[in-house]
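Colleague:
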Amino acid sequence: MPEPLRVFVCVPWSQRLGGAEQMLWLAVTRGDRTRVRYSVACLEPGPFEHELRGSGVTTYAVPCGRLRDARATGRTIRALRTLIAAEQPDLVLNWHPKAQLYGAPAAAGARRGDRIVWWQHGVPESHWMDRLATALPSRAVGCSSGLAARAQGALRPHRRTFVVHPGVRTERVEPVGLGIPAGRRVIGIVGRLQPWKGQHRFLRALRRLLDDGHDVHGLIVGGTAHGFSAGFADELEALAGELGVRDRVTMTGQVDDARPYIGAMDVMVSASDVEPFGIVVLEAMAQGVPVVATASGGPLEIIDPEVDGLLVDRPEPAPLAAAVARLLGDAPLRARIAAAGRRLAVERFDAAAMTRALEDELHALTAEAH
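This is how it looks when you write it as structure tokens:
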């Protein structure tokens, strides 16, 4: 039997809080270790590193400090270079543009400059970090969606891109108890509390549904993460009070596993401006919960409209509320879409399919390097 591919991963986070972290977690912990053996260097030591180590993965803590601190940045790159030189991996996989800024120079210094791949989970919009990450050496850039790959391909210098859609755990879980009155329909939204995710639009859609006579309760799952959009949670609380829906909304804050909360929903809404992919859309489908999403970004690559989900043309309260009302008012439609969505998640987007696809891409890139 051939030796497994050795992949050294550089990751910037200390916690598993979002879709990119979840995708990496599943790839590393649920992959076939006879095909790929991962080791992971975390630039922020913390729970994520401990979880990976507890699953049997070799991990390293390499604190990075701030990018603008030249001395700290140099120390981090040297520490990574030492680790890469010792491991002599077949590939260095930098999981995020920030990780590429440290991992690429380190790999080049360890004479692995021709073995660099990095992962672009988001949709780049000419941010300086995306441009600098692209300028550094890499064989290819992996992307979570065709949208991300097209945007990444527009940056210069041109780098080869490939797409591996994120996968999800598809086993059913027991819904969490929320203490919501029996008979009241629960509509929910899941994601980091950031304006582009659209929780404020979700609250306004909830108000419209209540005004139209629907007995509904809103469930907002997620909290602040990585220091993004500080204060937005307070703004949402204030908006709920302004709209008079505070007693019709539950805000969970950050949760370790959103699936039990998704399972408690009758309908899940994705109200993002442009969703890079939409892992929570798949998580809802896997739990048999019908989804309303915006017809842009990742949801366009997941949902067949009217078959396994509903799409609206823009992420605004009126069309979102109308689509939710349609599902709430048509039980056969709701059941049909829920069943089709679950089939799609199980057959095309489960974690095993994702890990195999990523392993195939990494093996192909390694074969090209020899």
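The numbering used here numbers the first residue of the sequence shown as 7 and each following residue consecutively. The beta carbon of each residue, even a glycine, is placed where N, CA and C say it ideally should be.
1. Closer than 7 Å by C-beta to P130: which residues in its own chain qualify, once you throw out the five before and the five after it? Chain order, please.
2. Could you work out which residue in A324, L199 and A344 is closest to E312 when comparing CA atoms only?
3. Counting C-beta neighbours from all protein chains within 10 Å, is the total for E55 16 or more, i.e. buried, or is it exposed?
4. Rounded to the nearest angstrom, how far is the Cβ of P172 from that of S150, given a contact under 8 Å?
5. Comparing alpha-carbon positions, which option in R39, M29, V13 and A359 lies nearest M7?
6. Can you round the beta-carbon distance between L316 and V298 to whole angstroms, since I take them to be within the 8 Å contact cut?
7. Do you know offhand how far M257's Cα is from G228's?
8. Fully enclosed by the segment 186 to 258, which beta strand (DSSP E) runs are 3 residues long or longer?
9. Over the uninterrupted alpha helix (DSSP H) stretch that includes L25, give me the two end residues.
10. Mind pulling the alpha helix (DSSP H) runs of 4 or more residues that sit fully within the segment 137 to 184?
11. What ranges does the alpha helix (DSSP H) occupy inside the segment 309 to 353, keeping only unbroken runs of at least 4 residues that lie completely in it?
12. Could you tell me the distance, in whole angstroms, from the CA atom of S30 to the CA atom of K104?
13. With respect to the beta strand (DSSP E) encompassing V275, which residues constitute its N-terminal and C-terminal limits?
14. Measuring alpha carbon to alpha carbon, tell me which of F168, T176, V222 and R207 ends up nearest P187.
15. Rounded to the nearest angstrom, what separates V330 and G25 at their Cα positions?
16. Under the three-state reduction of DSSP, which class applies to V123: helix, strand or coil?
17. When the Cα atoms are used, what is the spatial distance from G71 to G219?
18. Once DSSP output is grouped into helix, strand and coil, what is the label at D279?
19. To the nearest angstrom, report how far apart A246 and Q21 are at their CA atoms.
20. Going by other Cβ atoms of all chains shown within 10 Å of its Cβ, with 16 needed for buried, is S132 buried or exposed?
21. Would H127 be called buried (16 or more neighbouring beta carbons within 10 Å of its own) or exposed?
Modeller: Result, derived from the coordinates:
1. Non-local beta-carbon contacts of P130 in its own chain, meaning distances under 7 Å to residues more than five positions away in sequence, involve D136, A157, Q158 and L161 in chain order.
2. Looking at the Cα atoms, A344 is the closest of the given residues.
3. Result: buried.
4. That belief holds up - the Cβ atoms of P172 and S150 are roughly 6 Å apart, short of 8 Å.
5. Looking from the CA of M7, the closest CA among R39, M29, V13 and A359 belongs to R39.
6. In this structure, L316 and V298 form a Cβ contact; the two beta carbons are roughly 5 Å apart against a cut-off of 8 Å.
7. Put simply, the backbone Cα of M257 is about 8 Å away from that of G228.
8. Counting whole runs of 3 or more residues, the segment 186 to 258 contains the beta strand (DSSP E) stretches 191 to 196, 222 to 227 and 255 to 257.
9. Note on identity: in this sequence residue 25 is Gly, with Leu being the wrong assignment. Residue range G25 to R36 is occupied by the alpha helix (DSSP H) that includes G25.
10. DSSP assignment within the segment 137 to 184 yields the following whole alpha helix (DSSP H) runs of 4 residues or more, N-terminal first: 152 to 159.
11. With a minimum length of 4 residues, the unbroken runs of alpha helix (DSSP H) contained wholly in the segment 309 to 353 fall at 323 to 334.
12. Per the sequence shown, residue 30 should be read as Leu rather than Ser. Taking the straight line from one Cα to the other gives about 15 Å.
13. First-last of the beta strand (DSSP E) with V275: V273 to V275.
14. Ranking F168, T176, V222 and R207 by Cα distance to P187 puts V222 first.
15. Each residue's Cα considered, the two are about 24 Å apart.
16. V123 falls in the strand class under three-state DSSP.
17. Spanning the two alpha carbons is a distance of roughly 53 Å.
18. Coil.
19. Each residue's Cα considered, the two are about 29 Å apart.
20. Exposed, because fewer than 16 other Cβ atoms sit within 10 Å of the Cβ of S132.
21. Answer is buried; the Cβ neighbour count reaches 16.
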